[in-house]
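Presented below is the structure to which this report refers.
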Amino acid sequence: MRTYLDAILEYHRHRAAADPRSVSELVAAALEMGPTRGFRQAIMDTQGLAVVAEIKRRSPSKGPLFIDLDPAELAQKYVDGGATCLSVLTDEPHFGGSAVDLQAARQAVDVPVIRKDFTVSLLDICDARLMGADCVLLIEAALDNAELADFHALALELGLDALVETHDEAEVARALEVGANLI
3 MRTYLDAILE YHRHRAAADP RSVSELVAAA LEMGPTRGFR QAIMDTQGLA VVAEIKRRSP
63 SKGPLFIDLD PAELAQKYVD GGATCLSVLT DEPHFGGSAV DLQAARQAVD VPVIRKDFTV
123 SLLDICDARL MGADCVLLIE AALDNAELAD FHALALELGL DALVETHDEA EVARALEVGA
183 NLI
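Numbers given in the numbering used here equal positions in the sequence shown, counted from 1, plus 2.
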């Protein structure tokens with residue numbers, strides 16, 4: 003049975019396949035950026051519970067959540083409330099997010115930010131770094147072994163942490179095989 007997640011991934015894969023940009027040029031630009039804020043380290047340094055607060059306008063399954071949110075204002079409220087890190091949805095057609103949301107949230111606070119999106123190409127890793135993310139989400143179930151390994155390696159090369167989303171023991175084992183340290 004086809005799910006909304008399948009349709010979203012198909013959309014992103016089709017878009018990535020049509021993207022003519024050069025990965026090597028984007029990698030070169032990303033390598034010139036300053037250091038990231040250390041998403042994983044912020045979680046490791048937290049005494050007690052580390053909270054990753056999410057900035058999300060809508061959901062394909064739940065509909066509108068907070069369409070008119072101000073990402074900078076919400077980011078500040080989350081940090082004031084004790085958030086360790088922020089998660090910002092950047093998928094526009096399905097979640098109403100954008101790179102602008104991520105940039106506004108990151109500029110408003112000093113905590114690390116993960117780009118929460120459907121990473122299906124090396125270009126997506128580069129884009130995450132270039133838009134100012136400190137971490138990128140890799141949904142293990144959406145990637146084959148080569149993609150997971152390649153995307154994880156590029157993220158680390160660019161100074162990004164990589165959060166590998168898993169759903170069972172077999173997926174955790176695959177994540178560990180590529181050296182994931184944030185699962």
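Every residue, glycine too, gets a C-beta built ideally from N, C-alpha and C.
Whole angstroms is fine: what's the gap from residue i's alpha carbon to residue j's?
i: Glu27; j: His16; result: 21 Å
i: Ala101; j: Gln109; result: 12 Å
i: Ala151; j: Ala172; result: 15 Å
i: Phe97; j: Leu158; result: 26 Å
i: Gly181; j: Ser89; result: 22 Å
i: Ala32; j: Val166; result: 21 Å
i: Arg60; j: Phe120; result: 15 Å
i: Ala19; j: Ile127; result: 15 Å
i: Phe41; j: Val29; result: 20 Å
i: Phe35; j: Gly161; result: First, the amino acid is wrong: residue 35 is Met here, not Phe. Approximately 9 Å, taken between the alpha carbons.
i: Ser24; j: Leu140; result: 21 Å
i: Lys118; j: Val54; result: 12 Å
i: Leu91; j: Lys64; result: 15 Å
i: Leu71; j: Gly134; result: 20 Å
i: Phe205; j: Tyr80; result: Any answer about residue 205 is impossible in this case: the structure gives the chain only from 3 up to 185.
i: Gln49; j: Met3; result: 43 Å
i: Gly99; j: Ala148; result: 28 Å
One question on the structure: do residue i and residue j come within less than 8 Å of each other, judged by their Cβ atoms?
i: Ala164; j: Val122; result: no
i: Phe153; j: Leu132; result: no
i: Ala155; j: Thr168; result: no
i: Ala107; j: Ile57; result: yes
i: Asp82; j: Pro114; result: no
i: Leu11; j: Ala175; result: no
i: Pro62; j: Tyr6; result: yes
Helix, strand or coil, according to DSSP, for residue i in the structure here?
i: Asp163; result: strand
i: Ser26; result: helix
i: Ile141; result: strand
i: Val174; result: helix
i: Pro95; result: helix
i: Ala85; result: coil
i: Ile45; result: helix
i: Ile69; result: coil
i: Ala55; result: strand
i: Arg60; result: strand
i: Val111; result: coil
i: Val180; result: coil
On a Cα-Cα basis, can you pick out the residue from the options that is closest to residue i?
i: Pro66; options: His14, Glu94, Leu104 and Asp170; result: Glu94
i: Glu142; options: Ala52, Ser24, Glu12 and Ile185; result: Ile185
i: Asp129; options: Gln105, Glu179 and Ala52; result: Gln105
i: Arg39; options: Thr92, Val111 and Lys118; result: Val111
i: Thr86; options: Asn183, Gly99, Ile116 and Pro22; result: Ile116
i: Leu51; options: Gly84, Arg4 and Gly99; result: Gly84
So, does the CB of residue i fall closer than 8 Å to a CB anywhere in chain B?
i: Val174; result: Of the protein chains in the structure, only one exists, and it is not chain B.
**OP:** Determine, using beta-carbon pairs with one atom in the stretch 42-50 and one in the stretch 69-83, whether at least three such pairs fall under 8 Å.
**Re:** no
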